[in-house]
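**Student:** The structure that follows is given in the form of structure tokens.
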Amino acid sequence: MKFYRYLVVDILEDRRLLAGLDVRVFEDPLSSRLPGDTSVPASERVVYLDINADGTQQASEPISVSDFDGIARFRNLEQGTYYVRLLGSSKSQVQTTDTVPAAAGSWTGDVGAWKALLWQTDSVGWFATSESLIQLDLDRSTILGRLAMPGRLISVEMQSDSQGVALVSTSTSKTQLVGFDLTLRQVRHYESSLSLEQGPASGASSDVALIRIANSTFLRRATPSGDELVRVPPLETWDNNPELTSVANRIAPNAQMVAFGNDSLIIREPMLDGYIISVWKYSEESLELIAQRDFDFSVQLVAGSPDSKQIAVETDRGIEILSTSTGLPTQLVLEQAKGPLVFDLGRGILWSLSKSNTSRWIGWTIAEGSKAFDVLFTDAGTPEKASRTNFQLGFRGDTLVGIRDGQIYRHVLSIAKATVATLSDQVIQQVAIGIRNRSQNNPPMLRALPGVQATEDKPAAIQTSQWSDSSGDSDGDSLHYIVVRDGQLGSVSWSTSSGGVYTPKPDANGQDQIIVQAYDGRSWSAPQTVSIQIQPVNDPPHGLLYSGVLAIPENQPGYVLGSLSIVDPDANEVFDYSVSDGRFEVVGNTLKVRDSAMIPYQNPGWIDLRFQARSRTNGETIERPERIFIVRDQTPYHNDSNPADVDGDGVVTPLDPLIIVDYLNRHGSGQITPPGEGEARNDLDVDGDGQVSPLDILIVINALNRAFSEAEGENGASDSTGDSGKGDTGTLAPLDPEDPLGLRKAKR
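Following the working numbering from start to finish, the sequence shown increments by one per residue and tops out at 898.
So this is what it looks like as structure tokens:
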């Protein structure tokens with residue numbers, strides 16, 4: 151897989167701020183069900199939070215991929231309880247924690263098996279039949295190999311992963327000890343025949359049988375003084391004709407014997423008034439008594455724990471769990487339990503039949519004896535048949551296996567279930583999920599995928615059901631599709647099983663893509679690109695903007711207010727602008743007072759305008775209201791820029807005071823006649839006091855005199871150059887509005 155996820159180490163101070171969950175996925179080849187310091191991280195495994203607890207990843211449920219340290223990280227989670235699951239269920243992989251048993255098991259046909267000898271994989275193992283050892287693939291119901299025995303099998307035990315010892319009955323009614331090698335498919339005889347009566351292959355009290363304790367094999371045989379146990383030499387030493395060594399004798403002929411743990415043996419012997427149960431430990435080629443207990447009621451041995459710390463017996467009260475410490479004290483009484491029973495230490499569970507219904511398997515917690523599971527034991531037999539079914543854990547303890555009447559029963563115990571994580575106090579919680587690889591896995595195949603057509607501003611569905619011709623898995627695993635890279639012009643809301651919805655970003659159009667990989671729960675396909683073509687649409691403009699002033703002076707033809715613009719995602723669309731009041735106009739996108747328009751101040755002091763933009767593409771319009779205030783000119787007959795320029799021709803000349811003289815002759819001094827009453831349209835109010843008077847004439851004359859004096863001085867200084875020295879009234883600099891008569895300058 152090309153898209154790697156890297157481990158991010160959080161600083162302790164940051165961890166308090168980043169509430170979330172770290173899921174550690176680890177390789178668990180031995181199904182130990184607990185991560186250790188040497189556990190190998192499982193990278194590139196997909197984990198999701200099953201928020202609605204339906205066992206299927208939905209678009210709203212976050213996923214994460216484990217990094218090189220096997221950590222899948224989730225952040226910014228709300229406080230509460232979360233169900234954590236691995237995505238996918240590859241047939242080549244088993245989840246070891248957390249798991250639940252299947253609702254029911256299944257039987258094979260009659261394959262003649264009466265004992266399971268060796269498990270090689272979850273489905274392949276060696277079994278003993280009446281006259282041979284067979285290698286079975288239970289998943290395919292196929293015999294993969296057969297090793298014939300030189301007689302009818304009475305008892306058989308493995309000494310290693312490939313070698314073992316069998317006790318067979320020959321055609322001459324003699325019992326013979328033979329060794330076998332499953333790898334080499336060879337059988338060899340122990341040199342001395344044993345003059346013992348044959349018995350059934352049940353291993354009952356008076357029968358000859360083999361028992362394996364620790365790494366040694368023992369032969370139980372009857373003698374006139376009682377049964378004895380003799381140690382069978384390892385197979386590799388048989389070339390030297392080693393002797394059988396007795397390690398125990400005077401055992402009651404009808405005693406029940408069960409080997410358990412690594413080095414322990416339980417013996418139940420009848421007494422005059424009950425039974426005695428003793429626990430022995432094999433060490434240094436001898437058996438040492440560890441503990442014993444007398445019972446004054448009926449008791450049957452059922453099983454011993456793999457760690458040699460507990461044994462299970464069946465009494466009238468049900469199943470009793472005894473500690474192997476001194477006195478064999480009772481730890482638990484399971485009143486509703488019935489044998490057979492299997493210790494499952496990896497899960498902390500005792501598996502037993504139900505006393506009230508032998509078609510039910512019940513899982514009891516070893517610590518408290520509470521009921522953890524209650525599942526169907528798929529059995530059409532009688533309670534008697536159920537009770538004599540020989541049960542054990544299968545490969546790595548992930549299957550419960552039963553054998554009876556030549557048939558094999560399998561009940562899967564490792565059905566993946568959600569791991570529960572409770573988040574609180576904004577702390578990063580940590581949980582672990584173990585996985586075990588059953589076999590080689592072929593990665594899924596994903597070829598080129600069809601493109602998707604989308605429309606601007608509209609979601610588009612992407613259905614993985616349409617990808618069936620482009621994907622496949624040679625192992626028959628169900629596929630999930632992971633979006634490993636989202637789009638740039640949009641994003642997907644995605645379910646790994648069904649697909650999802652691609653939503654373009656607002657107003658986005660053009661070519662986009664997402665990158666997808668198929669995932670079977672263990673391996674990834676090569677990445678493939680899903681191209682997405684977003685067809686553009688003509689979007690209505692989002693807004694009409696005005697940038698400019700909101701107040702203008704009165705009577706200013708051609709005054710520029712500002713500009714108009716459109717907020718529109720379609721960058722190439724052209725708009726024409728207009729304004730509702732004819733005294734204004736929009737040139738291009740510039741708003742101004744028409745050159746021919748005089749806009750005087752009138753109550754209420756503003757003009758309400760409505761701007762409009764019309765698309766040249768489709769004629770759609772958008773409008774915007776705006777209120778423009780008119781600022782009254784407090785000195786309407788005063789030239790603000792050059793007060794002495796009465797006629798406004800840009801220069802101060804003798805004509806300017808004459809205009810004032812003419813007005814005074816006709817109207818007299820005082821306030822200037824308002825517009826519309828025959829007044830002169832000149833800036834008569836030179837001093838800006840709102841009235842016209844002879845003082846205004848004097849201000850203009852003073853300006854003319856000052857200009858003439860300044861011109862004379864300049865001409866005198868330039869006589870040497872030949873200039874005539876005549877003054878020029880020309881254009882005068884604007885008067886100081888605070889000193890129009892030049893009095894301050896005169897004082898200097």
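For glycine and all other residues, C-beta sits at the position ideal for the given N, C-alpha and C.
Helix, strand or coil for Lys-488? Go by DSSP, reduced to three states.
**Tutor:** Residue mapping note: residue 488 aligns to position 338 of the sequence shown, counting from 1. Note: Lys-488 maps to strand in three-state DSSP.
**Student:** Nearest to Val-562 by CA position, among Pro-212, Ala-254 and Gln-229, is which residue?
**Tutor:** Residue 562 sits at position 412 when you count from the first residue of the sequence shown. Looking at the Cα atoms, Ala-254 is the closest of the given residues.
**Student:** Return helix, strand or coil for Lys-655, following the three-state DSSP convention.
**Tutor:** Here residue 655 refers to the residue found at position 505 when the sequence shown is read from its first residue. Lys-655 falls in the coil class under three-state DSSP.
**Student:** Can you tell me whether DSSP reads Arg-335 as helix, strand or coil?
**Tutor:** Position 185 of the sequence shown holds residue 335. Three-state result, Arg-335: coil.
**Student:** Just verifying my parser: in three-state terms, what is the DSSP assignment at Gln-207?
**Tutor:** For this step, residue 207 is matched to residue 57 along the sequence shown. Gln-207 falls in the coil class under three-state DSSP.
**Student:** List in chain order: all unbroken beta strand (DSSP E) runs of 3+ residues lying wholly within the segment 709-750.
**Tutor:** Entirely contained in the segment 709-750, the beta strand (DSSP E) runs reaching 3 residues are, in chain order, 710-717, 725-729, 734-737 and 740-743.
**Student:** For a test of the three-state rule: what should DSSP assign to Glu-228, helix, strand or coil?
**Tutor:** Reading the sequence shown from its first residue, position 78 is the one you call residue 228. Three-state DSSP puts Glu-228 in coil, outside helix and strand.
**Student:** Where do the N-terminal and C-terminal ends of the beta strand (DSSP E) with Glu-393 fall, by residue?
**Tutor:** Residue numbering aside, residue 393 sits at position 243 when the sequence shown is read from its first letter. No beta strand (DSSP E) contains Glu-393, which DSSP labels as neither H nor E.
**Student:** Could you check which residue in Thr-771, Ala-701, Glu-776 and Gly-732 has the C-alpha nearest to that of Tyr-751?
**Tutor:** In the sequence shown, the residue the question calls residue 751 occupies position 601. Of the listed residues, the one whose Cα sits closest to Tyr-751 is Ala-701.
**Student:** Which word fits Pro-374, buried or exposed, when buried means at least 16 other C-beta atoms lie within 10 angstroms of its C-beta?
**Tutor:** Translated into positions along the sequence shown, residue 374 becomes position 224. So Pro-374 ends up on the exposed side.
**Student:** Can you tell me where the beta strand (DSSP E) holding His-561 begins and where it ends?
**Tutor:** Translated into the one-based positions of the sequence shown, residue 561 becomes position 411. Per DSSP, His-561 belongs to the beta strand (DSSP E) from 557-562.
**Student:** What residue range does the alpha helix (DSSP H) around Ala-536 cover?
**Tutor:** Taking the first residue of the sequence shown as 1, we reach residue 536 at position 386. Where Ala-536 is concerned, the enclosing alpha helix (DSSP H) stretches over 533-537.
**Student:** Closer than 7 Å by C-beta to Thr-785: which residues in its own chain qualify, once you throw out the five before and the five after it? Chain order, please.
**Tutor:** One-based indexing of the sequence shown puts residue 785 at position 635. Result list for Thr-785: Asp-835, Gly-838 and Gly-840, in chain order.
**Student:** Please work out which residues of its chain come closer than 7 Å, Cβ to Cβ, to Pro-654, disregarding the five sequence neighbours upstream and downstream, and give them in chain order.
**Tutor:** Locating residue 654 in the sequence shown gives position 504, counting from the first residue. Result list for Pro-654: Ala-604, Glu-606, Asp-607, Leu-639, Gly-640 and Ile-684, in chain order.
**Student:** Quick check on the burial criterion: 16 or more other C-beta atoms within 10 angstroms. Buried or exposed for Gln-285?
**Tutor:** For the purposes of this step, residue 285 is taken as residue 135 along the sequence shown, with counting starting at 1. Gln-285 comes out buried.
**Student:** Buried or exposed: where does Gly-626 fall if 16 or more other Cβ atoms within 10 Å of its Cβ makes it buried?
**Tutor:** Residue mapping note: residue 626 aligns to position 476 of the sequence shown, counting from 1. The residue in question, Gly-626, is exposed, as its Cβ has fewer than 16 Cβ neighbours within 10 Å.
**Student:** With distances taken from CA atoms, which of Asp-389, Ser-458 and Phe-445 is nearest Gly-411?
**Tutor:** On the sequence shown, position 261 is the one that residue 411 refers to. For Gly-411, the nearest C-alpha among the options comes from Ser-458.
**Student:** Along the chain, where does the alpha helix (DSSP H) that runs through Ile-809 open and close?
**Tutor:** By 1-based counting over the sequence shown, the position of residue 809 is 659. Element bounds for Ile-809: 805-817.
**Student:** Between which two residues does the beta strand (DSSP E) containing Phe-779 stretch?
**Tutor:** Mapped onto the sequence shown, residue 779 falls at position 629. Run containing Phe-779: 771-781, per the beta strand (DSSP E) assignment.
**Student:** Should Gly-452 and Ala-462 be called a contact, given that it needs their Cβ atoms to be closer than 7 Å?
**Tutor:** As a working note, residue 452 is residue 302 in the sequence shown. As a working note, residue 462 is residue 312 in the sequence shown. What sits at residue 452 in the sequence shown is Val, not Gly. Closer than 7 Å, so yes.
**Student:** Exposed or buried, which one is Ser-870 when buried takes at least 16 other CB atoms within 10 Å?
**Tutor:** Looking up residue 870 in the sequence shown gives position 720. Unreliable positioning characterises Ser-870 in this predicted model, as indicated by a pLDDT of 45, which lies under 50. A coordinate reading is not provided.
**Student:** Across the segment 530-541 and the segment 507-522, are there enough close Cβ pairs to call them in contact, namely three or more that are closer than 8 Å?
**Tutor:** The segment 530-541, when compared against the segment 507-522, does touch it at the 8 Å Cβ threshold.
**Student:** Quick check on the burial criterion: 16 or more other C-beta atoms within 10 angstroms. Buried or exposed for Val-666?
**Tutor:** In the sequence shown, residue 666 corresponds to position 516, counting from 1. Its Cβ being crowded by 16 or more others within 10 Å, Val-666 is buried.
**Student:** Going by DSSP, what residues sit across from Met-308 in a beta bridge?
**Tutor:** Indexing the sequence shown from 1 puts residue 308 at position 158. In the DSSP output, where bridge partners are listed per residue, Met-308 has Gly-314.
**Student:** Is Phe-218 helix, strand or coil when you go by DSSP?
**Tutor:** Stepping through the sequence shown from its first residue, residue 218 is reached at position 68. Coil.
**Student:** Can you tell me which of Asn-768, Gly-671, Phe-734 and Thr-740 puts its alpha carbon nearest to the alpha carbon of Val-687?
**Tutor:** What you label residue 687 is simply residue 537 of the sequence shown in a count that begins at 1. The option with the nearest alpha carbon to Val-687 is Asn-768.
**Student:** With respect to the beta strand (DSSP E) encompassing Ala-359, which residues constitute its N-terminal and C-terminal limits?
**Tutor:** Working through the sequence shown from its first residue, we reach residue 359 at position 209. First-last of the beta strand (DSSP E) with Ala-359: 359-363.
**Student:** Residues in its own chain within less than 8 Å of Gly-468 by CB, not counting five upstream and five downstream?
**Tutor:** Translated into the one-based positions of the sequence shown, residue 468 becomes position 318. For Gly-468, where only same-chain residues beyond five positions count, the Cβ hits under 8 Å are Val-483, Leu-484, Glu-485, Gln-486, Ala-487, Lys-488 and Lys-505.
**Student:** Helix or strand or just coil, what does DSSP make of Trp-644?
**Tutor:** Translated into positions along the sequence shown, residue 644 becomes position 494. Residue state, collapsed to three classes: strand.
**Student:** Assign Gln-460 to one of two classes, buried (16 or more other C-beta atoms within 10 Å of its C-beta) or exposed (fewer than that).
**Tutor:** Counted from its first residue, the sequence shown places residue 460 at position 310. Buried.
**Student:** Since Gly-468 is in the beta strand (DSSP E), which residue starts that stretch and which ends it?
**Tutor:** Position 318 of the sequence shown holds residue 468. That run of the beta strand (DSSP E) goes 468-473.
**Student:** Keeping to the same chain, check which residues put their C-beta closer than 7 Å to that of Ser-673; ignore five residues upstream and five downstream.
**Tutor:** As a first step, residue 673 is located in the sequence shown; it is residue number 523 there, counting from the start. Asn-591, Pro-593 and Pro-594.
**Student:** What separation, rounded to the nearest whole angstrom, lies between the Cα atoms of Val-315 and Thr-465?
**Tutor:** Locating residue 315 in the sequence shown gives position 165, counting from the first residue. Locating residue 465 in the sequence shown gives position 315, counting from the first residue. Computed Cα separation, rounded: 34 Å.
**Student:** With 16 other CB atoms within 10 Å as the buried threshold, where does Asp-311 fall?
**Tutor:** Taking the sequence shown and counting its residues from 1, one reaches residue 311 at position 161. Burial call: exposed.
**Student:** Enumerate in chain order the residues of its own chain whose CB-to-CB distance from Ser-589 is below 6 Å, with the five nearest sequence positions on each side excluded.
**Tutor:** Along the sequence shown, read from residue 1 onward, the residue named residue 589 stands at position 439. Same-chain partners within the cutoff: Ser-242.
**Student:** Pull up the distance between the alpha-carbon of Glu-281 and that of Gln-313, whole angstroms please.
**Tutor:** Along the sequence shown, read from residue 1 onward, the residue named residue 281 stands at position 131. Along the sequence shown, read from residue 1 onward, the residue named residue 313 stands at position 163. Approximately 17 Å between the Cα atoms of the pair.
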